[in-house]
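**Student:** Residue numbers (the UniProt record's numbering): 387 to 662.
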Amino acid sequence: LVDAIATQVGVALIQAEAYANLQDLNEQLEALDRTRSNLVAITGHELRTPLSTIQVCLESLASEPDMSPELRQVMLNTALADAERMRKLIQDFLTLSQLESGRVEWHPEPLSLNECVELALSHLHARNAKNDLPKISNLVPQNLPLVEADGEWLVEVLTKLLDNACKFTGSDGQVTVEVSRHSPQSLEVTIADTGRGIEPNRLKTVFDRFYQEEGALRRSVGGTGLGLAICRQIVNGWGGAIWAESEGKNHGSQFHFTVPIVSESSSSKKSQDVNG
Ligand code: ADP
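What follows is the structure in structure tokens.
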């Protein structure tokens with residue numbers, strides 16, 4: 387009898403656990419659905435704003451043939467700037483969706499962080515048509531161990547963080563790139579700036595999609611509000627962490643992320659592969 391009761395209790399416990407798991411799953415699915423609806427609504431709004439501006443500009447250009455050449459140029463420049471903003475938004479949005487859906491194929495390889503930082507800096511300089519970057523100091527030591535990550539995505543994270551540091555600092559400030567040992571298995575990259583800083587209660591929110599302190603309509607420095615969400619997805623892809631620190635408004639910010647050092651086993655496997 388005792389055995390029979392024990393079996394019954396066991397079955398009941400398993401059923402209760404299965405039911406709880408099912409409820410968990412249901413809640414997760416509902417949360418996912420809410421996120422998806424929010425995302426569609428926000429993306430729609432973010433795309434409609436520049437599109438409306440482009441439409442107003444083109445309508446004015448079409449309906450006012452006597453418009454002064456100066457005003458015509460202003461209208462054209464505004465429409466072009468908003469078209470570029472839409473292009474970036476769609477590109478970032480597609481990248482983020484690709485990363486979030488797990489459809490990215492990672493190609494990890496041994497990499498020199500020095501070379502990746504140099505590459506990211508050259509991208510940054512190439513894109514800076516206005517020539518208004520702050521002073522950038524590359525303090526990454528030369529004798530670092532190799533890290534293991536997908537090179538293209540690692541350079542993407544570095545470029546986005548450097549781009550933000552410059553954008554929110556202004557040409558009279560200072561941006562620094564450093565690398566230190568985070569743990570026996572990983573290095574920590576730090577990109578620090580002397581710019582406008584981040585309120586302590588916003589240090590986590592900045593990684594949310596479409597978070598921008600000024601809001602979409604008062605944005606003065608451009609950007610899509612998706613850059614840090616993309617960085618977080620990429621860093622999570624190699625099992626790393628990413629976080630922000632700041633002493634608060636106008637006290638600069640530091641963005642840190644970790645990246646694994648090439649492990650003994652994977653480097654010996656690679657040399658076996660090379661040697662056949
Ligand atoms: P974007 O830069 O395109 O607006 P991000 O996702 O890269 O979008 O950044 C989100 C927000 O986080 C920015 O709009 C800004 O408010 C804040 N932020 C990011 N980097 C910095 C930084 N280095 N200094 C101050 N604020 C920052």
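By construction, the Cβ of each residue, glycine as well, lies at the ideal position given by its N, Cα and C atoms.
State buried or exposed for Gln619, treating a residue as buried only when at least 16 other CB atoms are found within 10 Å of its CB.
**Tutor:** Gln619 should be labelled buried.
**Student:** Which residue wins for smallest C-alpha separation from residue 340, given the options Leu480, Asn587, Leu433 and Ser498?
**Tutor:** The requested residue 340 is not part of the displayed model; the chain covers only 387 to 662.
**Student:** Using only the heavy atoms of the ligand ADP, determine whether one of them is closer than 7 Å to the beta carbon of Leu614.
**Tutor:** Leu614: yes, Cβ under 7 Å from the ligand ADP.
**Student:** Is Lys546 buried or exposed, if buried means 16 or more other CB atoms sit within 10 Å of its CB?
**Tutor:** By the 10 Å Cβ count, Lys546 comes out buried.
**Student:** Per DSSP, what are the beta-bridge partners of Ile428 in this structure?
**Tutor:** Note: Ile428 sits in no beta bridge, so no partner.
**Student:** Counting pairs of beta carbons, one from the stretch 440–451 and one from the stretch 545–562, are three or more of them closer than 8 Å?
**Tutor:** Cβ pair count under 8 Å is below three, so no.
**Student:** Look at the Cβ atom of Ala615, then the Cβ atom of Arg588, and state whether they are nearer than 8 Å.
**Tutor:** Not in contact: Ala615 and Arg588 (Cβ atoms no closer than 8 Å).
**Student:** Assuming the contact rule is C-beta atoms closer than 8 Å, Asp478 and Gly613 should be a hit. Round their C-beta distance to whole Å, please.
**Tutor:** Indeed, because the Cβ distance is near 7 Å, the residues count as touching under 8 Å.
**Student:** Less than 8 Å separating the beta-carbons of Val526 and Val503?
**Tutor:** Yes. Within cutoff.
**Student:** Just checking Val592 against the ligand ADP - is the residue's beta carbon closer than 7 Å to any of the ligand's heavy atoms?
**Tutor:** The answer is yes for Val592.
**Student:** Following a CB-centred definition, is Ala551 positioned closer than 7 Å to any heavy atom of the ligand ADP?
**Tutor:** Checking the Cβ of Ala551 against the ligand ADP gives yes.
**Student:** Which residues share a DSSP beta bridge with Arg422?
**Tutor:** According to DSSP, Arg422 bridges with nothing at all.
**Student:** Do you know how far the Cα of Lys521 is from the Cα of Thr555?
**Tutor:** One C-alpha to the other measures close to 10 Å.
**Student:** Does the distance from the CB of Gln510 to the CB of Leu462 come in under 8 Å?
**Tutor:** It is Leu, not Gln, that sits at residue 510 in the sequence shown. Cβ atoms of Leu510 and Leu462: not closer than 8 Å.
**Student:** Are Thr576 and His642 touching if we call contact CB-CB under 8 Å?
**Tutor:** Yes, they are a contact pair.
**Student:** Buried or exposed, going by whether 16 or more other CB atoms sit within 10 Å of the CB of Leu387?
**Tutor:** With fewer than 16 other Cβ atoms within 10 Å, it is exposed.
**Student:** CA-CA distance, Glu501 and Glu564?
**Tutor:** So the alpha carbons of these two residues sit roughly 13 Å apart.
**Student:** Measuring straight from C-alpha to C-alpha, what distance separates Val426 and Trp492?
**Tutor:** Their backbone Cα atoms lie some 27 Å apart in a straight line.
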